[in-house]
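Chains as they are written, first to last, in my numbering: chain B, 1 to 412; chain W, 1001 to 1286.
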């Protein structure tokens, strides 16, 4: 973290120095403050874990500067969370902090911490590998830590090419021993282990080509570096898990075919470096029915199949000391979901989904609902429920962690 | 899962693009006029349809050669109880190469703040669905979205998606139904009938003035043939031969809800080109 912050500070400092005397430009300030409470109706499964309520607050500032000609941009987005129950969830992160040069021709250069998203499907973000997951935020793996990078983008007639140099690997965050939604043993994030040619401070590399051809949108990516997903080993004390990060090489493809109200989506990866080279994929569709019941409501129907061929070795209960690859919950799963947009002035919408493990029938279900209040507030409800969890399923350690979250956010 | 907010933003942005793409280009007498070939199907072969098509074509082509434009706008939504909700947006538009395609547009949301930075890129078509990509700033995600939803309203506004491609000449067939004097101006009155699929309208009736050939009022008739909405276009200003309405007021007669779209000053020939409307530009907006 310190190293990545240094990179960011130095790069922004350099950028500012180079702009000294250039056009004055304009600063923009914004941000959001949220208060949320999570409720866990079931008693905790493991000692140390809290019961019932988890109040929490977050702050995110948003500072932007752009030169008058728009060629030079600076973005700084710090984030912080204060959590009443889980010390590990109380944390700060520089989500974004970069300088970007936008050339008049067809390239841009970004230096600093940034967020990058790759992918098309909804149930899992398989090909999305640049940023580390901020695992204390939620278990949906959608919250990401800022990744230090130098990124060169070329926008050409033949598509877009992005080249990345990624110094400053970020280790994944995990709930602490007090926290819910964790493994049977807490993860000791202070003592990561680097194996299989991985080492602390190693630089990672990535490249991506993306373009569209008629109704097809295609992305082809390659990554060589430290796996964002850790394996685990039990600490010698026996009381915690140590995350183990490997050096991997991964190629990936993401596609979408858009045909009327149908979106057909797919993502696939091939990864080497964690046991035998393996394949994983997600494929499915999103179909939208417009103006259901003669109302302005739109109903989106989603279905996706998930496959992952990695060699996990032991299952969760034994914490696979010899596991070749990181655990995954998506070996052979089916996701179905529905999205309802009310198309009202307050942008009210709901999303619900169910994932079923096709091997052991373990079920996980979620519902999210959101509505704007006035001009500057939003209210959100989220819930996740686990049913019929097989003792050998990865979800077994969170089977008693059904929860309901209510969040109120004020935007500035 | 992708956040529910994605969908809200999606709707909001979709709404916006169409504004950007087309109502903007309610046109007039630009200098460097391009020449266009008539579409024989849109033109038809009766005297009424040919006259209607020619009036619509003169109107649509009156801003031919505008090149590109940038403008900001406020959208004011008013419900039947008079409560107001506002949105602010900015649009960049690149003029179509010819009448077999539509304009390219980029729309960015500035408020409400929870959707700030949401952007939509559209490559408009005539009879096929448009190509559209949405940028969701919180996730840094660019998503190709369906544009099949022609008749749906969005973000609670009284504009339907298809209302924003009103001036794409070849999307309709026409009939000239007469002349009327309104507010001291002589108007041609046209009826036009959507050629594209899934329209929510059986017909539209448009009043186009005979002085500078701009649409001043449009009535929308629903699938049962009843009058559904009226759009009034006003505060026309001329920019070096190109006319733009700066206030578009849509009233829904069934719900008594209204939506106003108020534009600031337009900027033309700002130096935008094709490369400013490729998918990749969405990633450098924020």
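Glycine included, every Cβ here is placed at the ideal spot set by N, Cα and C.
Practice task
Mind checking which residues open and close the beta strand (DSSP E) that includes residue 1036/W?
Solution key: For the purposes of this step, residue 1036/W is taken as the residue at position 36 of the second chain. No beta strand (DSSP E) holds residue 1036/W; DSSP gives it neither H nor E.
Exercise for the section: Grab me the residues of residue 1231/W's own chain with a C-beta within less than 6 Å of its C-beta, minus the 5 sequence neighbours each way, in chain order. Expected result: As a position in the second chain, residue 1231/W is number 231, starting the count at 1. Counting only residues of its own chain and dropping the five nearest sequence neighbours on each side, residue 1231/W has a CB closer than 6 Å to the CB of 1218, 1250.
Practice task
Determine the direct distance from the alpha carbon of residue 1171/W to that of residue 1127/W, and round the result to whole angstroms.
Solution key: Taking the second chain and counting its residues from 1, one reaches residue 1127/W at position 127. Taking the second chain and counting its residues from 1, one reaches residue 1171/W at position 171. Cα to Cα, the separation comes out at about 6 Å.
Handout entry: chain W residues whose Cβ lies nearer than 7 Å to that of residue 328/B
Key = For the purposes of this step, residue 328/B is taken as residue 328 along the first chain, with counting starting at 1. Within chain W, not a single residue places a beta-carbon under 7 Å from that of residue 328/B; the smallest gap is close to 17 Å.
Problem - Cut-off 8 Å between Cβ atoms - residues of its own chain near residue 139/B, not counting five sequence neighbours on either side - result: In the first chain, counting from the first residue as 1, residue 139/B sits at position 139. Spatial neighbours of residue 139/B in its own chain (CB-CB distance under 8 Å, excluding positions within 5 residues in sequence) are listed in chain order as 181, 384, 398.
Exercise for the section: Report yes if the CB atom of residue 260/B is closer than 8 Å to the CB atom of residue 1122/W, and no otherwise. Expected result: The sequence position of residue 260/B within the first chain is 260, counting from 1. The sequence position of residue 1122/W within the second chain is 122, counting from 1. For the 8 Å CB-CB criterion, residue 260/B and residue 1122/W do not form a contact.
Exercise for the section: Could you name the residues of chain B that residue 1129/W contacts, counting a contact when the two beta carbons are closer than 8 Å? Expected result: Numbered from 1 along the second chain, position 129 holds the residue referred to as residue 1129/W. 260, listed in chain order.
Practice task
Alpha carbon to alpha carbon, how far is residue 378/B from residue 1254/W? Give it in angstroms, no decimals.
Solution key: Numbered from 1 along the second chain, position 254 holds the residue referred to as residue 1254/W. Numbered from 1 along the first chain, position 378 holds the residue referred to as residue 378/B. Those two C-alpha atoms are separated by around 30 Å.
Handout entry: 9 Å Cβ cut-off: residues of chain B touching residue 1116/W
Key = Here residue 1116/W corresponds to residue number 116 of the second chain, with the count starting at 1. Here the neighbours are 30, 62, 411.
Exercise for the section: Locate the alpha helix (DSSP H) running through residue 1057/W, then write down its first and last residues. Expected result: Residue mapping note: residue 1057/W aligns to position 57 of the second chain, counting from 1. 1047–1060 is the span of the alpha helix (DSSP H), which, as asked, contains residue 1057/W.
Handout entry: Beta carbon of residue 1187/W nearer than 8 Å to that of residue 1216/W
Key = In the second chain, counting from the first residue as 1, residue 1187/W sits at position 187. In the second chain, counting from the first residue as 1, residue 1216/W sits at position 216. For residue 1187/W and residue 1216/W, yes; Cβs fall inside 8 Å.
Problem - Cβ neighbour criterion (16 or more within 10 Å) applied to residue 1100/W - result: Position 100 of the second chain, counting from 1, holds the residue named residue 1100/W. So residue 1100/W counts as exposed.
Practice task
Specify the secondary structure class of residue 421/B as computed by DSSP and reduced to three states.
Solution key: Residue 421/B is absent from the model: chain B starts at 1 and stops at 412.
Exercise for the section: List the residues of chain W that residue 106/B touches, going by C-beta distances under 7 Å, in chain order. Expected result: Here the question's residue 106/B lines up with position 106 in the first chain. The answer, in chain order, is 1275.
Exercise for the section: Could I get the ranges of all uninterrupted beta strand (DSSP E) runs contained in the segment 1108–1188 of chain W, with 3 residues as the minimum, in chain order? Expected result: Here the runs fully enclosed are 1119–1125, 1131–1136, 1141–1145, 1172–1182.
Exercise for the section: Give me whichever residues DSSP pairs with residue 269/B in a beta bridge. Expected result: Along the first chain, read from residue 1 onward, the residue named residue 269/B stands at position 269. In the DSSP output, where bridge partners are listed per residue, residue 269/B has 252/B, 280/B.
Practice task
Hey, could you find the ends of the beta strand (DSSP E) residue 1258/W is sitting in?
Solution key: Locating residue 1258/W in the second chain gives position 258, where the first residue counts as 1. Element bounds for residue 1258/W: 1258–1263.
Problem - As assigned by DSSP and simplified to three states, the class of residue 1251/W - result: Locating residue 1251/W in the second chain gives position 251, where the first residue counts as 1. Note: residue 1251/W maps to strand in three-state DSSP.
Practice task
Measure from the C-beta of residue 1278/W to each C-beta in chain B and report whether the shortest distance is under 8 Å.
Solution key: On the second chain, position 278 is the one that residue 1278/W refers to. The beta carbon of residue 1278/W falls within 8 Å of a beta carbon belonging to chain B, placing the residue at that interface.
Exercise for the section: Taking 8 Å as the cut-off, decide whether the C-beta atoms of residue 1116/W and residue 1103/W are in contact. Expected result: Residue mapping note: residue 1116/W aligns to position 116 of the second chain, counting from 1. Residue mapping note: residue 1103/W aligns to position 103 of the second chain, counting from 1. When the beta-carbon positions are compared, residue 1116/W and residue 1103/W stay at least 8 Å from each other.
Exercise for the section: Starting from residue 109/B, follow the beta strand (DSSP E) in both directions and report where the run begins and ends. Expected result: Locating residue 109/B in the first chain gives position 109, counting from the first residue. Run containing residue 109/B: 107–114, per the beta strand (DSSP E) assignment.
Handout entry: From 1152/W, 1060/W, 1133/W, 1079/W, residue whose alpha carbon lies closest to that of residue 1144/W
Key = The count along the second chain starts at 1 and reaches residue 1144/W at position 144. Selected option, being the one with the closest Cα: 1133/W.
Exercise for the section: State the Cα-Cα distance for the pair residue 353/B and residue 366/B, rounded to the nearest angstrom. Expected result: Numbered from 1 along the first chain, position 353 holds the residue referred to as residue 353/B. Numbered from 1 along the first chain, position 366 holds the residue referred to as residue 366/B. The alpha-carbon separation between residue 353/B and residue 366/B amounts to approximately 5 Å.
Exercise for the section: Closer than 9 Å by beta-carbon distance: list the chain W residues that pair up with residue 263/B, in chain order. Expected result: Here residue 263/B corresponds to residue number 263 of the first chain, with the count starting at 1. Result: 1143, 1144, 1145, 1146.
Problem - Length of the line joining the Cα atoms of residue 327/B and residue 1138/W - result: Stepping through the first chain from its first residue, residue 327/B is reached at position 327. Stepping through the second chain from its first residue, residue 1138/W is reached at position 138. The C-alpha of residue 327/B lies about 28 Å from the C-alpha of residue 1138/W.
Problem - Rounded separation between residue 1002/W and residue 1148/W - CA only - result: Reading the second chain from its first residue, position 2 is the one you call residue 1002/W. Reading the second chain from its first residue, position 148 is the one you call residue 1148/W. At residue 1002/W the pLDDT is 41, less than 50, meaning the model places this residue with poor confidence; the figure from the coordinates comes in the next sentence. Rounded to the nearest angstrom, the gap between the Cα atoms of residue 1002/W and residue 1148/W is 21 Å.
Problem - Residue-chain proximity (residue 217/B, chain W), Cβ-Cβ < 8 Å - result: The sequence position of residue 217/B within the first chain is 217, counting from 1. Any Cβ of chain W closer than 8 Å to the Cβ of residue 217/B would place that residue at the interface, and such an atom is present.
Exercise for the section: Give the DSSP bridge partners of residue 34/B, in chain order. Expected result: Counting from 1 along the first chain, the entry for residue 34/B is found at position 34. Residue pairing from DSSP places residue 34/B in a beta bridge opposite 58/B, 409/B.
Problem - Check whether residue 136/B and residue 173/B have beta carbons under 8 Å apart - result: Locating residue 136/B in the first chain gives position 136, counting from the first residue. Locating residue 173/B in the first chain gives position 173, counting from the first residue. Yes, they are a contact pair.
Practice task
Identify every residue that forms a DSSP beta bridge with residue 226/B.
Solution key: Taking the first residue of the first chain as position 1, residue 226/B is located at position 226. Beta-bridge partners assigned by DSSP to residue 226/B: 247/B.
Exercise for the section: Report the neighbours of residue 116/B on chain W: residues whose CB is nearer than 9 Å to its CB, in chain order. Expected result: On the first chain, residue 116/B is found 116 positions in, with the first residue counted as 1. 1140, 1283, listed in chain order.
Problem - Beta carbon proximity, residue 290/B to chain W, threshold 8 Å - result: Residue mapping note: residue 290/B aligns to position 290 of the first chain, counting from 1. So yes, residue 290/B belongs to the interface.
Problem - First through last residue of the beta strand (DSSP E) which encompasses residue 207/B - result: Taking the first residue of the first chain as position 1, residue 207/B is located at position 207. Looking at the DSSP string, the run of the beta strand (DSSP E) that includes residue 207/B is 204–213.
Problem - Interface residues of the segment 1068–1083 of chain W facing chain B [CB-CB below 9 Å] - result: Listed in sequence order: 1077, 1079, 1083.
Problem - Proximal residues of chain W, C-beta to C-beta of residue 102/B below 8 Å - result: As a position in the first chain, residue 102/B is number 102, starting the count at 1. Here the neighbours are 1284.
Handout entry: When 166/B, 175/B, 340/B are compared against residue 207/B, the one with the closest alpha-carbon
Key = For the purposes of this step, residue 207/B is taken as residue 207 along the first chain, with counting starting at 1. Of the listed residues, the one whose Cα sits closest to residue 207/B is 166/B.
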